[in-house]
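Notes follow the structure.
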Amino acid sequence: MAERSVLLKVDNVTLKFGGVVALDSVSFDLYQGEILGLIGPNGAGKTTCFNAMTGVYRPTSGQVVFDGQTVSGKKPYEINHSGIARTFQNIRLFPEMTALENVLVGTDSRHKVSAPGALFGLPRRWGHEEDLPEVRAKGGPDRSWQEFKRSAAKFFGVSRHMQEERAAERKALELMHFCGIERAANEQARNLPYGSQRRLEIARALATEPKLLCLDEPAAGFNPAEKVELMDLIKKIRDTGVTVLLIEHDMRLVMGVTDRIVVLEFGRKIADGAPAEVRDNPKVIAAYLGVPDAA
Amino acid sequence: MTANENTVTKKKKRSFADRWNGLPGWSRFFWIMGGVIFLFYLPELGNIPGTNLEIPGLGFLRTDVGVGGSDWDSILFRCAVFVLIALGLNVVVGLAGLLDLGYVGFFAIGAYSVALFGSQQSPVVKLLRANFDLAPDWALAWSWCILLAIVLTMFSGVLLGWPTLRLRGDYLAIVTLGFGEIIRIIARNSTITGGPDGITAIPGPEGAPNAQNKYFSILDQKWWYWLALVAVLVVILAVRRLENSRVGRSWLAIREDEDAAAVMGVHGFKFKLWAFAIGAAIGGLSGLLFASQQAFIDPSQFNVNLSILFVAMVVVGGAGNMAGAALGAILLTYLPERLRSLGALEFLPERFQDPAEFRYLLFGLAMVVVMILRPQGLLPSKRRARELKDRAQEVPVNG
Ligand SMILES: Nc1ncnc2c1ncn2[C@@H]1O[C@H](COP(=O)(O)OP(=O)(O)OP(=O)(O)O)[C@@H](O)[C@H]1O
Ligand SMILES: [Mg+2]
Numbered sequence: 334m335a336e337r338s339v340l341l342k343v344d345n346v347t348l349k350f351g352g353v354v355a356l357d358s359v360s361f362d363l364y365q366g367e368i369l370g371l372i373g374p375n376g377a378g379k380t381t382c383f384n385a386m387t388g389v390y391r392p393t394s395g396q397v398v399f400d401g402q403t404v405s406g407k408k409p410y411e412i413n414h415s416g417i418a419r420t421f422q423n424i425r426l427f428p429e430m431t432a433l434e435n436v437l438v439g440t441d442s443r444h445k446v447s448a449p450g451a452l453f454g455l456p457r458r459w460g461h462e463e464d465l466p467e468v469r470a471k472g473g474p475d476r477s478w479q480e481f482k483r484s485a486a487k488f489f490g491v492s493r494h495m496q497e498e499r500a501a502e503r504k505a506l507e508l509m510h511f512c513g514i515e516r517a518a519n520e521q522a523r524n525l526p527y528g529s530q531r532r533l534e535i536a537r538a539l540a541t542e543p544k545l546l547c548l549d550e551p552a553a554g555f556n557p558a559e560k561v562e563l564m565d566l567i568k569k570i571r572d573t574g575v576t577v578l579l580i581e582h583d584m585r586l587v588m589g590v591t592d593r594i595v596v597l598e599f600g601r602k603i604a605d606g607a608p609a610e611v612r613d614n615p616k617v618i619a620a621y622l623g624v625p626d627a628a
Numbered sequence: 318m319t320a321n322e323n324t325v326t327k328k329k330k331r332s333f334a335d336r337w338n339g340l341p342g343w344s345r346f347f348w349i350m351g352g353v354i355f356l357f358y359l360p361e362l363g364n365i366p367g368t369n370l371e372i373p374g375l376g377f378l379r380t381d382v383g384v385g386g387s388d389w390d391s392i393l394f395r396c397a398v399f400v401l402i403a404l405g406l407n408v409v410v411g412l413a414g415l416l417d418l419g420y421v422g423f424f425a426i427g428a429y430s431v432a433l434f435g436s437q438q439s440p441v442v443k444l445l446r447a448n449f450d451l452a453p454d455w456a457l458a459w460s461w462c463i464l465l466a467i468v469l470t471m472f473s474g475v476l477l478g479w480p481t482l483r484l485r486g487d488y489l490a491i492v493t494l495g496f497g498e499i500i501r502i503i504a505r506n507s508t509i510t511g512g513p514d515g516i517t518a519i520p521g522p523e524g525a526p527n528a529q530n531k532y533f534s535i536l537d538q539k540w541w542y543w544l545a546l547v548a549v550l551v552v553i554l555a556v557r558r559l560e561n562s563r564v565g566r567s568w569l570a571i572r573e574d575e576d577a578a579a580v581m582g583v584h585g586f587k588f589k590l591w592a593f594a595i596g597a598a599i600g601g602l603s604g605l606l607f608a609s610q611q612a613f614i615d616p617s618q619f620n621v622n623l624s625i626l627f628v629a630m631v632v633v634g635g636a637g638n639m640a641g642a643a644l645g646a647i648l649l650t651y652l653p654e655r656l657r658s659l660g661a662l663e664f665l666p667e668r669f670q671d672p673a674e675f676r677y678l679l680f681g682l683a684m685v686v687v688m689i690l691r692p693q694g695l696l697p698s699k700r701r702a703r704e705l706k707d708r709a710q711e712v713p714v715n716g
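Residue numbers (the numbering used here), protein chains in the order written: chain A, 334 to 628; chain B, 318 to 716.
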């Protein structure tokens with residue numbers, strides 16, 4: 334990490350809800366490839382900060398620059414397409430879909446085919462053996478049918494839509510495996526245990542192929558062992574080249590996993606630096622222990 | 318709690334859908350082919366084609382058995398057209414979750430596009446002839462009218478959707494309701510659409526209505542039914558492809574959590590607009606079939622009641638499930654006719670004995686009964702049924 338390039342720049346962002354100033358001129362940078370912790374007491378404005386970054390709310394003033402582009406003021410789906418993905422503090426999966434379908438919605442973010450392509454199956458390509466549907470089908474009792482479909486696909490060609498669907502399914506399963514929930518693929522999201530739901534949210538966010546992944550208290554409600562496992566997952570995500578912004582209440586946990594920490598209190602940034610520095614910062618100690626801030 | 322729920326679902330009997338999905342591909346294929354053949358056989362229902370033999374019992378289902386019953390083939394045709402409408406509206410209401418109360422507008426635009434451009438009597442055709450130096454018997458060929466109807470309805474779907482799809486829920490319903498009325502009122506008050514007198518001599522596949530027509534004649538409606546049936550089958554295939562694609566997933570995601578979907582990169586507006594355009598095109602197609610078969614349309618055939626009726630068909634049958642929507646359409650078209658030919662409606666006030674009128678009574682009753690006993694519809698989509706249940710639980714008990 335010799336040359337640290339800035340991936341995300343939160344520049345003087347203020348966000349007001351009527352009289353409530355949820356964010357008050359907050360500025361911080363996020364470097365390529367790091368894990369940045371965003372901490373602060375309840376109501377400090379952490380989630381609001383995510384909302385301002387991902388287009389859920391538009392900042393009252395200031396701007397968010399991501400990867401050289403100003404993203405504040407853009408629509409949430411546009412911001413997602415430019416490479417920011419997130420999870421939600423209060424889990425917001427699509428409860429009626431299966432786990433796999435949830436992740437597929439994420440992969441759709443990178444798909445090109447829309448209604449005409451799905452309807453007419455155009456454009457088509459011939460002779461891509463590995464992309465033919467059901468090619469790697471198991472040799473079960475239904476073999477001849479699979480064979481038939483396979484030769485039909487060879488004859489008529491495979492549409493781009495089909496190719497995308499196949500690739501998406503493969504990728505989604507890989508991601509679910511990566512997040513440790515591959516066995517839940519065909520379960521309905523609503524029926525998953527709480528921990529798997531949290532992990533599924535991460536898999537779904539990763540499916541959109543983000544450059545920056547924002548995790549809003551992904552370990553909330555976990556026991557210590559589960560928390561450690563999750564932190565390992567977060568490090569693994571970082572090692573694949575994704576920059577991570579992590580909101581987490583548990584100070585000790587944040588210290589262990591993050592490269593840098595930004596501390597918010599009452600919508601203002603009160604500290605920004607390496608974990609050890611932040612831990613010893615008197616303002617941070619005061620904020621966390623509830624001592625009235627003298628400064 | 319969740320573990321408990323899981324064991325409960327495992328113990329339950331395998332549902333029809335599970336069993337169906339468990340069948341091998343070829344077996345499903347033959348079942349479907351059998352079903353399709355049966356649908357094509359329906360006009361002959363009760364008879365064995367090519368012979369004088371009858372299959373006892375089946376003939377009882379026909380609407381032309383009793384005294385004063387209606388022609389079975391035209392009832393079948395009407396069922397098919399309404400199924401088509403229900404399938405189209407199901408895309409909008411059931412799949413994308415947008416309440417459209419002005420669907421009759423698209424039905425009307427489809428009907429008027431074949432009427433205005435295909436009929437020898439239409440003011441538009443006369444105007445075009447006069448201005449563009451065309452042959453004195455020129456009119457747009459029926460096959461081109463299909464394309465025109467689809468293009469025009471899709472365009473009007475986008476035109477209506479563009480400003481209104483930013484609205485949610487009730488607001489959208491009200492604006493679309495207005496749209497349906499606007500189309501009817503324009504058709505009524507403009508001279509170019511034939512005004513309240515409507516348009517006659519609307520062509521069909523064999524050209525302008527004519528006593529010499531071999532297949533699509535006024536006397537024998539069988540071919541009209543088969544034509545509409547082909548349209549229905551094509552639409553079912555098309556909608557299925559959409560449902561199982563990125564588009565269908567996006568619709569479902571929007572229905573479940575629009576904001577979360579947006580953050581996951583789903584361009585909600587675009588896919589809602591697609592739902593509107595596709596639904597509109599299907600509505601237009603059914604309007605075209607309706608107008609061609611009738612050979613005559615006027616604005617009074619496209620009033621708001623019809624819109625409500627369409628929504629009722631989808632909701633009673635089961636929104637989000639094509640089989641459900643189709644069932645709703647069939648029941649509420651077929652039952653009044655069958656009941657009348659049984660003489661079962663005699664006790665009703667005269668006004669309601671006409672199936673067209675009685676239908677509204679039946680709709681009202683069916684709506685009330687279904688909403689009380691089975692709010693998710695007769696054949697609901699599994700997902701929608703659970704969504705509905707969730708929403709019901711969110712409502713405070715002491716509201
Ligand atoms: N939509 C909203 N409307 C009004 N006020 C809001 C809204 N969202 C957040 N706030 C307020 O903004 C402030 C910051 O809230 P935020 O949810 O960002 O805190 P947080 O740091 O995420 O807290 P927690 O640790 O509890 O998640 C709070 O005072 C909250 O009440
Ligand atoms: Mg929060």
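Where a beta carbon is used, it is the ideal one built from N, C-alpha and C, also for glycine.
All figures in this text were calculated on a predicted structure; none of them were measured in a lab.
Q: Could you check what DSSP says for A/D362 in three-state terms: helix, strand or coil?
A: strand
Q) Using a beta-carbon distance below 9 Å, is A/D613 in contact with chain B? A) no
Q.
Can you pull the chain B neighbours of A/S442, defined as C-beta to C-beta under 8 Å?
A. M581, G582 and V583
Q. Is there at least one non-hydrogen atom of ligand 2 closer than 8 Å to the beta-carbon of A/I567?
A. no
Q: Would you verify that the beta carbon of B/T319 is, or is not, closer than 9 Å to some beta carbon of chain A?
A: Because the pLDDT of B/T319 is 41, which lies under 50, any placement of that residue in the model is unreliable, and the number read from its coordinates should be weighed accordingly. Taking Cβ atoms only, chain A reaches closer than 9 Å to B/T319, which makes this a yes.
Q. Is A/K379 near ligand 2, going by C-beta to nearest heavy atom under 8 Å?
A. yes
Q: Taking only heavy atoms of ligand 2 into account, decide whether any of them is closer than 8 Å to the Cβ of A/D583.
A: no
Q: Identify every run of the alpha helix (DSSP H) within the segment 608-695 of chain B, keeping only runs that are complete inside it and at least 4 residues long; order them along the chain.
A: 621-634, 639-658, 667-670 and 672-690
**Q.** Within-9 Å CB hit, A/F427 to chain B
**A.** yes
Q) Just to confirm, does A/T549 get its C-beta within under 8 Å of one of the non-hydrogen atoms of ligand 2? A) Residue 549 of chain A is actually Asp in this sequence, not Thr. Yes, since a heavy atom of ligand 2 falls inside the 8 Å radius drawn around the Cβ of A/D549.
Q) Do the segment 408-415 of chain A and the segment 360-370 of chain A meet, that is, are 3 or more Cβ pairs less than 8 Å apart? A) no
Q. What are the start and end residues of the beta strand (DSSP E) that includes A/E598?
A. R593 to E598
Q: Closer than 8 Å by C-beta to A/M584: which residues in its own chain qualify, once you throw out the five before and the five after it? Chain order, please.
A: I372, R612 and Y621
**Q.** Host beta strand (DSSP E) of A/G370 (start-end)
**A.** I368 to I372
Q | Below-9 Å beta-carbon distance, B/V564 vs any chain A residue | A | yes
Q) Any heavy atom of ligand 1 closer than 8 Å to the Cβ of B/A579? A) no
**Q.** Residues near B/K699 in its chain [Cβ-Cβ closer than 6 Å; skip 5 each side]
**A.** none
Q. Alpha carbon to alpha carbon, how far is B/A577 from A/D357?
A. 26 Å
Q: Check whether the Cβ of A/Q422 sits closer than 8 Å to any heavy atom of ligand 2, and report yes or no.
A: yes
Q | Residue range of the alpha helix (DSSP H) that includes A/I570 | A | P557 to D572
**Q.** Length of the line joining the Cα atoms of A/G574 and A/A607
**A.** 20 Å
Q: With DSSP as the reference, please indicate the residues paired to B/E371 in a beta bridge.
A: B/N364
(Q) At a CB distance below 8 Å, what residues from the segment 493-521 of chain A approach chain B? Give them in sequence order. (A) H494, E497 and E498
Q: Please name the residue or residues paired with A/A605 in a DSSP beta bridge.
A: Sequence inspection shows Asp at residue 605 of chain A; the Ala mentioned does not correspond to that position. According to DSSP, A/D605 bridges with A/V595.
Q: Tell me, to the nearest whole angstrom, how far the beta carbon of B/F588 is from that of B/W568; I am working on the premise that it is less than 8 Å.
A: 6 Å
Q: For B/E654, collect the residues of the same chain with a Cβ closer than 6 Å to its Cβ; drop the 5 residues on either side in sequence, then sort them by chain order.
A: T380, S387, I392 and P672
Q. Who are the near neighbours of A/M588 in its chain, counting only those whose CB is closer than 6 Å to its CB and skipping five residues on each side?
A. P608
Q) Since A/T440 is in the alpha helix (DSSP H), which residue starts that stretch and which ends it? A) A432 to D441
Q | Below-9 Å beta-carbon distance, B/A636 vs any chain A residue | A | no
(Q) Would A/K482 pass as an interface residue toward chain B - the criterion being a Cβ-Cβ separation below 9 Å? (A) yes
Q. Looking at C-alpha atoms only, which residue of A/T393, A/N345, A/P374 and A/A385 is the closest neighbour of A/G352?
A. A/T393
Q: Check whether the Cβ of A/N375 sits closer than 8 Å to any heavy atom of ligand 1, and report yes or no.
A: yes
Q: Quick one: which residues of the segment 591-614 of chain B get their C-beta closer than 7 Å to a C-beta of chain A? List them in chain order.
A: W591 and I595
Q) What first and last residue would you give for the alpha helix (DSSP H) that runs through B/I349? A) G342 to Y358
**Q.** Burial state of B/M291 (16 or more Cβ within 10 Å)
**A.** The structure shown does not extend to residue 291 of chain B, since chain B is modelled only from 318 to 716, so the question has no answer here.
Q) What residues match up with A/C547 in a beta bridge as DSSP calls it? A) A/R419 and A/L578
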